[in-house]
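Enquirer: Sending over a structure as structure tokens; questions will come in a sec.
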Amino acid sequence: SGSGSEFSVELTQAKSLSPRARGLRLRVLDPALDWQPGQYLELSLDGSSPPLPYSIASAPSPTQPGEFDLAISRSALAPDLAVGAVLQARGPYGSLLRRQPRGAPLLLVAGGTGLAPLRALLQDEFARGGTGPVTLLFGCRNEAEILWRQELEALSASESRFRFEPSLSRAEHAWTGRRGYVQLHLPELLDAMPGAEVYLCGLSEMVKECRALLTARGQPPELIIGEAY
């Protein structure tokens, strides 16, 4: 499918990612969908409402062609959407794409479901076996909201070049990790990764503040790739 083409997708799996987000697995019914990690689709979840953009949360897989994941806020999801439902999709779109040759350090900064396209970039990075260090700084409210937590902790344990750094804005007392908004931790992590390409995805206020912080610290604008929702 070229950019902007329309096609049908079938919901093959739905699961809880957090109290506020669900993970959907979809399969393209029409000709194969070619997308690049970081891109999004426009989907109408209930058939009558206007289509909305949802980032693809997985990299293309040769073993499961045409299958992809989404992370969707529960408030956006039609409650009667069941496995087997067929939805209309359009795309792919978006410019949250890798710029640098592989091997450059990668700093990914996400808030909430903004993690979706960055998860696709991560999957692609480790499937292709790069060499540069990769850090994911992820912001959410509390531990229950850490999306794909087991998967990301497992990746961090198995890949010595990957650091997973969740930061909680309303952390419980027992939490020993980072606290507060991602903006607080960005300078420290950037300093630890000179020459890093930085990808930002989250609410527009967060993306704007991170971009300003990075620019003030001398990060070249072409190495700041951001998308807000």
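The numbering used here puts the first residue of the sequence shown at 16, with every later residue one more than the last. The beta carbon of each residue, even a glycine, is placed where N, CA and C say it ideally should be. As the structure is a computational prediction, the values presented were derived from the model and not from experiment.
(1) My output table needs one value for V222: the three-state DSSP class, helix, strand or coil.
(2) Among W50, R176, S171 and R143, which has the Cα closest to the Cα of A207?
(3) Curious, which full-length alpha helix (DSSP H) runs of at least 4 residues does the region 125-192 contain?
(4) Reducing DSSP to helix, strand and coil, say where Q234 ends up.
(5) Taking DSSP's pairing of strands, which residues face Q198 in a bridge?
(6) Could you check whether S184 and R178 sit closer than 8 Å to each other, using their CB atoms as the reference points?
(7) DSSP state of D61, grouped into three classes?
(8) Compare the Cα-Cα distances from P65 to each of L215, G154, D49 and A104 and report the closest residue.
(9) Could you give the distance in angstroms between the alpha-carbon of G217 and the alpha-carbon of D45?
(10) On the criterion of 16 or more Cβ atoms from any shown chain inside 10 Å, does S182 qualify as buried, or is it exposed?
(11) Excluding the 5 residues flanking G145 on each side, which residues of the same chain have their C-beta closer than 7 Å to its C-beta?
(12) Helix, strand or coil for L229, going by three-state DSSP, please let me know.
Expert: The relevant details are as follows:
(1) Shown here, V222 sits in a helix according to DSSP, grouped into three states.
(2) Checked all of W50, R176, S171 and R143; the closest Cα to A207 is R176.
(3) With a minimum length of 4 residues, the continuous alpha helix (DSSP H) runs that stay inside the region 125-192 are 130-143 and 164-173.
(4) Coil.
(5) Bridge partners of Q198: none, in fact.
(6) Taking 8 Å as the Cβ cut-off, R178 and S184 do not qualify as a contacting pair.
(7) Reduced to three states, the DSSP call for D61 is coil.
(8) Looking at the Cα atoms, A104 is the closest of the given residues.
(9) Spanning the two alpha carbons is a distance of roughly 30 Å.
(10) Answer is buried; the Cβ neighbour count reaches 16.
(11) Taken in chain order, the residues that qualify are R117 and G118.
(12) Helix at L229.
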